[in-house]
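The structure under discussion appears below in the form of structure tokens.
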Amino acid sequence: MPLRYRLLLPKPESKQPRLTVLPHHEPHRLPMTQITSQSSDQDPEPGSGVDDSRVPRIGPIQLAPPVILAPMAGVTDAPFRVLCAEFGGGLFVNQMVTARALLEGHRASWALARFHPSEKVRSLQLYSTDPVTLGGAVRRLVSEGLVDHIDLNFGCPAPKVTRNGGGAALPYKRRLLAQVIKAAVSAADGESNGAVPVTVKFRLGIDDDHLTFMDTARTAEAEGVAAVALHARTALQHYAPPAHWDRITELKSAITSIPVFGNGDIFTAGDALAMVNQTGCDGVVIGRGCLGRPWLFRDLDAAFSGSPIPEVPLLGEVVATIRRHLELIIEWDGDDSRLSHFRKHLAWYLKGYAVGPEIRRRAAQTSTLAEIEAVLDDLDPTLEAPDGVERIHRSHSSAQRRVALPEGWLDDPLAIPALPRGAEALVSGG
Ligand SMILES: Cc1cc2nc3c(=O)[nH]c(=O)nc-3n(C[C@H](O)[C@H](O)[C@H](O)COP(=O)(O)O)c2cc1C
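Heads up: the sequence shown begins at 484 in my numbering, then just goes up one per residue.
This is the structure:
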């Protein structure tokens with residue numbers, strides 16, 4: 484009988500510790516996520532406080548709590564990953580980079596593929612449609628000791644990607660998919676002797692008439708992938724609700740030799756426990772739920788260890804987190820010259836709080852530290868978040884969209900297509 488997780492909510496009268504932002508000098512922590520020396524027959528460290536039988540392993544990586552920060556282009560950069568990891572444990576995946584860009588020495592892609600010194604598990608998502616290119620990039624990353632984990636993107640629904648047979652389109656071509664996965668696994672294994680696991684992340688399929696998730700997972704399992712993650716939507720759905728958690732249940736029943744992670748519509752720690760309890764999946768992948776809410780990882784820590792979930796932070800506590808986020812960005816960039824991209828984070832942090840339209844307008848126009856600080860100084864630290872703040876839309880929520888595919892793509896799932904060179908062009912994920 485599988486164990487079930489139970490959600491403990493804060494009692495209204497209880498004095499739960501509120502959000503604490505770590506003092507700046509405190510060492511970053513990845514509390515329980517650790518890499519063992521290699522093989523999967525070692526036990527988690529005694530006293531880790533988690534039920535050992537439930538700790539999923541991605542190759543040598545033990546994941547307690549069983550939580551993964553989803554790769555998100557333009558979001559999961561080093562400062563954001565470190566910020567999330569300061570709140571709780573998990574595996575924090577870098578943004579997607581294309582294998583070809585790495586092999587061709589594209590500077591921006593190599594810059595994206597860098598990790599903060601505090602990141603003990605360096606996890607990178609790669610995109611490719613070509614086994615040779617992907618194998619070459621993985622070989623280089625692993626032989627140079629630059630990563631501890633590689634994830635492969637087979638879920639991107641962006642037309643410029645699927646039109647070229649990449650991302651969410653690729654799993655339809657079963658044999659090409661197997662070749663691509665095999666190339667990554669054998670390169671990683673060959674260079675690291677199994678120490679750098681490869682995982683795959685994919686969607687349900689192209690649309691309801693072309694579901695591929697089961698075949699994709701079986702191929703991945705057969706080719707030696709260490710875990711699979713299912714974003715339980717079709718490409719047609721883009722980000723439209725709902726994520727079909729029942730499909731995660733199906734997948735978990737079928738895939739027995741490697742962990743199955745569920746992804747889609749987890750906005751609270753309660754949602755995460757519900758997904759694990761309902762589907763039996765081994766862990767969860769968190770995307771939009773942590774945008775402007777990195778303390779979700781603290782809540783997840785609490786939920787998976789059976790502790791009460793901390794209260795939703797007051798605006799003053801959110802401001803402290805924003806300041807920490809800024810500090811990490813400035814430290815990472817070496818200066819404060821690139822802060823206009825912080826606007827989106829600022830908007831996400833303020834979602835739901837009754838700050839008024841004037842503050843939101845000013846926040847949306849900030850591009851310097853001084854401008855951001857001026858907005859923060861004008862916020863009322865005692866403001867409470869409204870009920871349901873977690874589910875307010877952040878980032879992608881797009882509705883159904885026709886999936887652009889190469890001509891004749893759906894004719895023969897076993898044909899190995901000759902993909903245009905554009906298929907390996909620089910893309911950013913989704
Ligand atoms: C801004 C943004 C960027 C994304 N970029 C990627 C990506 O590069 N690779 C990928 O596999 N998924 C990407 N995704 C999809 C997420 O990883 C995740 O699968 C999706 O958001 C569903 O999870 P959620 O409902 O928890 O948000 C992105 C999602 C968002 C919102």
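Cβ coordinates follow ideal geometry from the N, Cα and C atoms, glycine included.
Chain-order list of residues whose beta-carbon lies under 8 Å from that of residue i (same chain, five-residue window excluded)
i, result
"L859", "V802, I805, R806"
"D816", "none"
"R885", "L719"
"M697", "E733, L734, A737"
"L586", "T616, G619, A620, R623"
"Q578", "P554, M555, A556, G557, V558, T559, D560, L595, Q608, S911, G912"
"A830", "G775, R843, A846, A847"
Residue i - DSSP class collapsed to helix/strand/coil
i, result
"N647", "coil"
"I551", "strand"
"S878", "coil"
"P725", "coil"
"H599", "coil"
"S592", "helix"
"S606", "strand"
"D634", "strand"
"V580", "strand"
"L574", "strand"
"I813", "helix"
"I544", "strand"
"T717", "strand"
"W892", "coil"
"Y836", "coil"
"P737", "Correcting the residue identity first, residue 737 is Ala in this sequence and not Pro. A737 falls in the helix class under three-state DSSP."
"H824", "coil"
"P642", "helix"
"V538", "coil"
"S850", "coil"
Identity of the residue in the options nearest residue i by Cα
i, options, result
"L852", "K834, H808, R877, Q545", "H808"
"E907", "H879, A561, F563, N647", "N647"
"P777", "Q578, T732, G573", "G573"
"H602", "E569, V621, L833", "The identity of residue 602 in the sequence shown is Glu, whereas the question assumes His. Closest option to E602, Cα to Cα, is E569."
"P840", "K684, L862, F825, S850", "L862"
"C567", "G772, T865, K834", "G772"
"L687", "A700, P680, V681, D895", "A700"
"R821", "V838, T849, V630", "T849"
"S626", "W593, S675, P642", "S675"
"V708", "T739, E794, A837", "T739"
"R781", "A641, A715, A887, V550", "V550"
"E810", "F563, R537, I544, P543", "F563"
Spatial neighbours of residue i in its chain, beta-carbon cut-off 7 Å, leaving aside the 5 residues before and after
i, result
"L617", "A582, L609, S611, V663, A666, A667"
"A553", "V576, N746, V768, I769, G770"
"D691", "T717"
"A703", "I664, V683, V711"
"E706", "A661, I664, K665, V668"
Pairwise C-alpha distance: residue j and residue i
i, j, result
"G770", "K735", "20 Å"
"C764", "M758", "7 Å"
"A661", "G775", "37 Å"
"R623", "I541", "21 Å"
"I813", "L719", "38 Å"
"N636", "D784", "26 Å"
"T678", "P742", "It is worth fixing the name first, because residue 678 is Ala in this sequence and not Thr. Distance between the alpha carbons of A678 and P742: 17 Å."
"A652", "H879", "19 Å"
"L546", "P791", "21 Å"
"P889", "Y655", "12 Å"
"P548", "I633", "19 Å"
"L694", "E854", "48 Å"
"K827", "A846", "9 Å"
"D895", "A901", "13 Å"
"P539", "A710", "9 Å"
"A898", "P614", "15 Å"
"D819", "Y722", "33 Å"
"I689", "A857", "46 Å"
"A638", "F685", "The question names Ala, yet the displayed sequence has Gly at residue 638. Using only the alpha carbons, I get a separation of about 4 Å."
"G649", "D631", "24 Å"
"L893", "R877", "33 Å"
"V795", "G789", "18 Å"
Own chain residues within Cβ distance below 6 Å of residue i, not counting five before or after
i, result
"H964", "Nothing can be reported for residue 964: it is not among the residues displayed for the chain, which extend from 484 to 913."
"Y832", "G775, V801, I805"
"G835", "A868, P869, V872, I875"
"T751", "E873"
"P864", "L798, G799"
"P748", "Before going on, a small fix: residue 748 reads as Asp here, not Pro. For D748, where only same-chain residues beyond five positions count, the Cβ hits under 6 Å are A726."
"R658", "L897, I899"
7 Å Cβ cutoff, residue i in contact with chain B
i, result
"V759", "This model lacks chain B altogether, as it is built from one protein chain only."
Ranges of the alpha helix (DSSP H) found wholly within the stretch 740-807, counting only runs of at least 4 = If only complete runs of 4 or more residues are kept, the stretch 740-807 shows the alpha helix (DSSP H) at 752-762, 779-787, in order along the chain.
Going along the chain, which unbroken runs of the beta strand (DSSP E) with 3 or more residues stay wholly within the stretch 656-715?
-> If we require 3 residues or more, the beta strand (DSSP E) runs fully inside the stretch 656-715 come out as 681-688.
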